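K.L.:
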Amino acid sequence: MATTTPTETSGSPKRDSLLGARVREAGWGYAFVLLPMVIFGIFFIYPLGYAIYISFYEWGILGKAPGTGNVGAENYRTLFDDPIFRRAIRNTIEFTVVVVPLEMALGLLIALVINARIRGRLFFRSAFYFPSLVSSAAITAIAIYILNANGLLNAIIGGNQAWFGDPSTALWSIVGLNAWTTAGTVMLFYLAALQSISTDVYEAAAIDGTSTWRTFWRITFPLLKPAHFFVLVVFGIGALKIFDQSFIVSGGTGGPVYSTYTVVLYIYNEAFKSANFGVAASAGVVMFVAILLLTLIQRATVGRTDIG
Amino acid sequence: MLQTSTSAAADPYLPSRARSAIVGKIVLYGLLTAIALLYFTPFIWTLSTSLKTLPDTANFNFIPHPFTTAAWKSVWTDYDFKRYALNSLFLAVVITTLNLFLAALGGYAFARLRFPGREILFLLVLGTLMIPDQLRLIPVFVMLTNWHLIGNFSGYILISLVSAVNLFFMRQYFLTIPKDFEEAAKLDGAGFFKTFWRVMLPLAAPAIAALAILQFQGTWNDFFWPLILFGQGNEDLYTMQLGLVQFTFTYQTLWPQLMAGSIIAILPILVIFLVFQRFFIAGVTAAGIKG
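The listed protein sequences derive, respectively, from chains A and B. Each residue of the first sequence is one higher than the last, beginning at 2 in my numbering. Each residue of the second sequence is one higher than the last, beginning at 4 in my numbering.
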């Protein structure tokens, strides 16, 4: 392109300067996006391909294992043959299937209470949202304290259950913890959706003498359908990525007896405890495909936006 | 108002509609109280425990007896929480500054400058949102290891320099600014970078402030990447969250210290939240609607 410019000098000077301005603008445009694009390329887009590549090799802490080539689907076979991975998938799905409806129910309940023009609604909105902003490390440490065998929860309900120490309650305790913290964010989305419902429909219901309970189930709840769907998918994907709480509660072991072992914890332990980077990468690919499918389903069914 | 409703409740001749309104109020405030107890008790209990002595944690009194700040002093100095806090503060400030500068720079170019391939590059940026950290974990770790960027802060800073969400929001914000400002700057003979730096960046201050707060919070709270990139070995590099988890693993039953440490890990976020609540709440809702 640069070579053609001199031959065009016969054109009017005005056209020239216009062309020059265009080229200059484009040059600055590339200069501005260069550094961000390079980093997106190296640390986001390239790793997508590299992860798939690693997943087809026997890969240790020092890279490809010497003397081994492409092992095909071997890592994927190892993965799905591993009872710990299957347990991790089961735990992750059980966690997600229970925690998301709980977050939605609690979030919607709080949103309805706050939307009912209570006194100090701005204060309560902030207060209930706050746990969502607290680090997983701090909130889990507090949960470990409150849920220990001699903790506050047992003192209140009069039990002596070691909530995180018993394989039959450990995962469900993380469910309770995450539902409690995340409901605040869910509440904000429902609140935004509730505020976008026209008051006309409520006035009509009031004139008909419909009870509050019926109004909720017949009018409000169905009108919130886009919000339900949005929250379901977004927080469902978030729940599949559960890691911090499992790691902290179990000291990184996923215990007791694998009861808090999740897929991401499996990726972590395969890589950094067992140095099986190939298997860890293939578990990452499986996770990526699952999340991608969920996202595509969401995009296809509700489009990208409107939660109201 | 409360006065009239209580006296009305005693009136047996009240019409049924007014009575059901009162029942509604009671149910509403009953629910609010239950939710408030559920949400406030853990934090009050945490604060109370952090001001107790270890033997006193066996009792379920909310007022510490005796009252002591020993646990706070002990985690801050004996258990290195001061260093953890400084490390986290350093990382959060550096990453937030660099990340938002690049988000604004890129966002401005994608919003306003015309160059061939702009739409494709922007789609590529949005596409990175589909790539979860859990997939990037292994390749990024391998790459940073090969480049000797593991075991110090540089690798973490490098991978945190850009965020598609921040860049996207900066672009959206620049699109809402009228073009008159840039044209005036151009007439004054300002170049592209000067126009961006002197005119557009100040105009985008509200968006930058909102994203900076969220980015700071995200980096301060981050556990996943610090754990992977410098979570083993050198404790001098530990962030607040790594240090707190390490403490949780090692001294789990030193409850007053553990609770004091947890509050230290929460405190900066609480302060920022109290000052800038509006930004947080607007940011989250906008992210959802645009997402």
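Ideal Cβ positions, reconstructed from N, Cα and C, are used throughout, including at glycine. It should be emphasised that the depicted structure is a prediction, and the values quoted were computed from it without experimental measurement.
#1: List, in chain order, every chain A residue whose beta-carbon is nearer than 7 Å to that of Met133 (chain B).
#2: Applying the criterion that 16 or more other CB atoms from any shown protein chain within 10 Å of the CB defines a buried residue, is Ser136 (chain A) buried or exposed?
#3: What does the alpha-carbon distance come out to for the pair Glu204 (chain A) and Val26 (chain B)?
#4: Taking 8 Å as the CB-CB cut-off, is Ser174 (chain A) touching chain B?
#5: Does any residue of chain B have a CB that is nearer than 8 Å to the CB of Asn155 (chain A)?
#6: Is the stretch 66-74 of chain A touching the stretch 289-302 of chain A, taking contact as three or more C-beta pairs under 8 Å?
#7: With a Cβ-Cβ cutoff of 8 Å, do Leu204 (chain B) and Phe156 (chain B) count as a contact?
#8: Please report the distance separating the alpha-carbon of Gly286 (chain B) from that of Gly154 (chain B).
#9: Could you check whether Leu116 (chain B) and Trp29 (chain A) sit closer than 8 Å to each other, using their CB atoms as the reference points?
#10: For Gln280 (chain B), which residues of its own chain have a beta-carbon under 7 Å away from its beta-carbon, when the five flanking residues on both sides are left out?
#11: With distances taken Cα to Cα, identify the nearest neighbour of Pro69 (chain B) among B:Gln244, B:Gly158, B:Gly221, B:Asp59.
#12: Please identify, using Cβ separations under 9 Å, the residues of the stretch 126-146 of chain A that lie next to chain B, in order along the chain.
#13: Out of A:Leu110, A:Ile143, A:Ala156, A:Tyr191, point me to the one whose CA is closest to Val30 (chain B)'s CA.
#14: Any chance you could list the alpha helix (DSSP H) runs of at least 4 consecutive residues sitting entirely within the stretch 128-207 of chain A, in chain order?
#15: List, in chain order, every chain B residue whose beta-carbon is nearer than 7 Å to that of Met105 (chain A).
#16: What residues from the stretch 172-194 of chain B come within 9 Å of chain A, judged by C-beta to C-beta, listed N to C?
#17: Just to make sure I have the definition right: I need the residues of chain B whose C-beta is within less than 8 Å of the C-beta of Val265 (chain A). Which are they?
#18: Report the three-state DSSP secondary structure of Gly12 (chain A) (helix, strand or coil).
#19: Just verifying my parser: in three-state terms, what is the DSSP assignment at Lys76 (chain B)?
#20: Strictly below 9 Å CB to CB, what residues from chain A border Ala213 (chain B)?
#21: Give a yes or no on whether the minimum CB-CB distance between Lys274 (chain A) and chain B is below 8 Å.
#22: Looking at C-alpha atoms only, which residue of A:Met38, A:Ala144, A:Val72 is the closest neighbour of Tyr54 (chain A)?
#23: Check the Cβ-Cβ distances between Ile269 (chain B) and every residue of chain A, and say whether any is below 8 Å.
#24: Under a three-way DSSP split, which group does Trp29 (chain A) fall into?
#25: For the stretch 251-267 of chain B, enumerate the residues whose C-beta is nearer than 9 Å to any C-beta of chain A, in chain order.
#26: Going along chain A in order, which residues have a C-beta closer than 8 Å to the C-beta of Ala207 (chain B)?
#27: List, in chain order, every chain B residue whose beta-carbon is nearer than 9 Å to that of Trp214 (chain A).
#28: So, for Leu192 (chain A): in the same chain, excluding its five sequence neighbours on each side, which residues have a beta-carbon less than 8 Å away from its beta-carbon?
#29: So with Cβ pairs under 8 Å, would you call Phe283 (chain B) a contact of chain A?
#30: So within the stretch 256-281 of chain A, which uninterrupted alpha helix (DSSP H) runs reach at least 4 residues, ignoring any that extend past its ends?
#31: Does the beta carbon of Glu26 (chain A) sit closer than 8 Å to a beta carbon anywhere in chain B?
#32: Quick one: which chain A residues come within Cβ less than 8 Å of Arg117 (chain B)?
#33: Whose Cβ in chain A lies nearer than 7 Å to the Cβ of Val78 (chain B)?
#34: DSSP three-state call for Asn149 (chain B): helix, strand or coil?
#35: Is it a yes or a no for the stretch 205-216 of chain A touching the stretch 224-235 of chain A, going by three-plus beta-carbon pairs under 8 Å?
#36: By DSSP's criteria, Asn71 (chain A) is part of a beta bridge. Which residues make up the other side?
P.N.:
Reading it off the structure:
#1: Under the 7 Å cutoff, chain A gives Leu293, Thr296.
#2: A residue is called buried once 16 or more other Cβ atoms fall within 10 Å of its Cβ, and Ser136 (chain A) is buried on that count.
#3: Linking Glu204 (chain A) to Val26 (chain B) through their CA atoms gives a straight-line distance of about 20 Å.
#4: With 8 Å as the cut-off, Ser174 (chain A) does not count as an interface residue toward chain B.
#5: For Asn155 (chain A), the answer is no, since every Cβ of chain B falls outside 8 Å of its Cβ.
#6: Not touching, per the Cβ criterion.
#7: No.
#8: Taken atom to atom, the span from the alpha-carbon of Gly286 (chain B) to that of Gly154 (chain B) is near 33 Å.
#9: Their beta carbons are under 8 Å apart, which means Trp29 (chain A) touches Leu116 (chain B) by this criterion.
#10: Closer than 7 Å at the Cβ level, and outside the excluded window around Gln280 (chain B), lies no residue.
#11: For the options B:Gln244, B:Gly158, B:Gly221, B:Asp59, the alpha carbon positioned closest to that of Pro69 (chain B) is the one of B:Asp59.
#12: Across the stretch 126-146 of chain A, CB contacts with chain B closer than 9 Å involve Arg126, Ser127, Ala128, Phe129, Tyr130, Phe131, Pro132, Ser133, Leu134, Val135, Ser136, Ser137, Ala138, Ala139, Ile140, Thr141, Ala142, Ile143, Ala144, Ile145, Tyr146, in sequence order along the chain.
#13: Here the closest residue by C-alpha is A:Leu110.
#14: List check, alpha helix (DSSP H) in window: 137-147, 153-158, 171-196.
#15: One finds nothing in chain B with a Cβ atom closer than 7 Å to the Cβ of Met105 (chain A); even the nearest lies about 14 Å away.
#16: Within the stretch 172-194 of chain B, the qualifying residues are Gly194.
#17: In chain order: Gln137.
#18: Since pLDDT at Gly12 (chain A) reaches only 48, below the 50 mark, its modelled position is unreliable, and no value is offered.
#19: In the structure shown, Lys76 (chain B) sits in a helix (DSSP, three-state: H, G or I).
#20: For Ala213 (chain B), no chain A residue has a C-beta closer than 9 Å to its own C-beta; the minimum C-beta separation is roughly 14 Å.
#21: Output row for Lys274 (chain A): interface = no.
#22: Its Cα nearest to that of Tyr54 (chain A), the residue A:Val72 stands out among A:Met38, A:Ala144, A:Val72.
#23: Closer than 8 Å to some Cβ of chain A, the Cβ of Ile269 (chain B) qualifies, so yes.
#24: It is helical.
#25: Correct list: Thr251, Phe252, Gln255, Thr256, Trp258, Leu261, Met262, Gly264, Ser265, Ile266, Ile267.
#26: When 8 Å is used as the limit between beta carbons, Ala207 (chain B) is near no residue of chain A, the shortest such separation being about 14 Å.
#27: Simply none; closest approach about 10 Å.
#28: Cβ within range, chain order: Ala112, Ile115, Asn116, Arg126.
#29: Yes, Phe283 (chain B) lies at the interface with chain A (some Cβ there is under 8 Å from its Cβ).
#30: Whole alpha helix (DSSP H) segments, 4+ residues: 264-273.
#31: By this cut-off, Glu26 (chain A) is an interface position.
#32: Arg23, Glu26, Ala27, Gly30, listed in chain order.
#33: Neighbours of Val78 (chain B) on chain A: none; closest Cβ ~12 Å, over 7 Å.
#34: It is helical.
#35: Taking a cut-off of 8 Å for Cβ pairs, the stretch 205-216 of chain A and the stretch 224-235 of chain A do not touch, as fewer than three such pairs fall below it.
#36: A:Tyr58.
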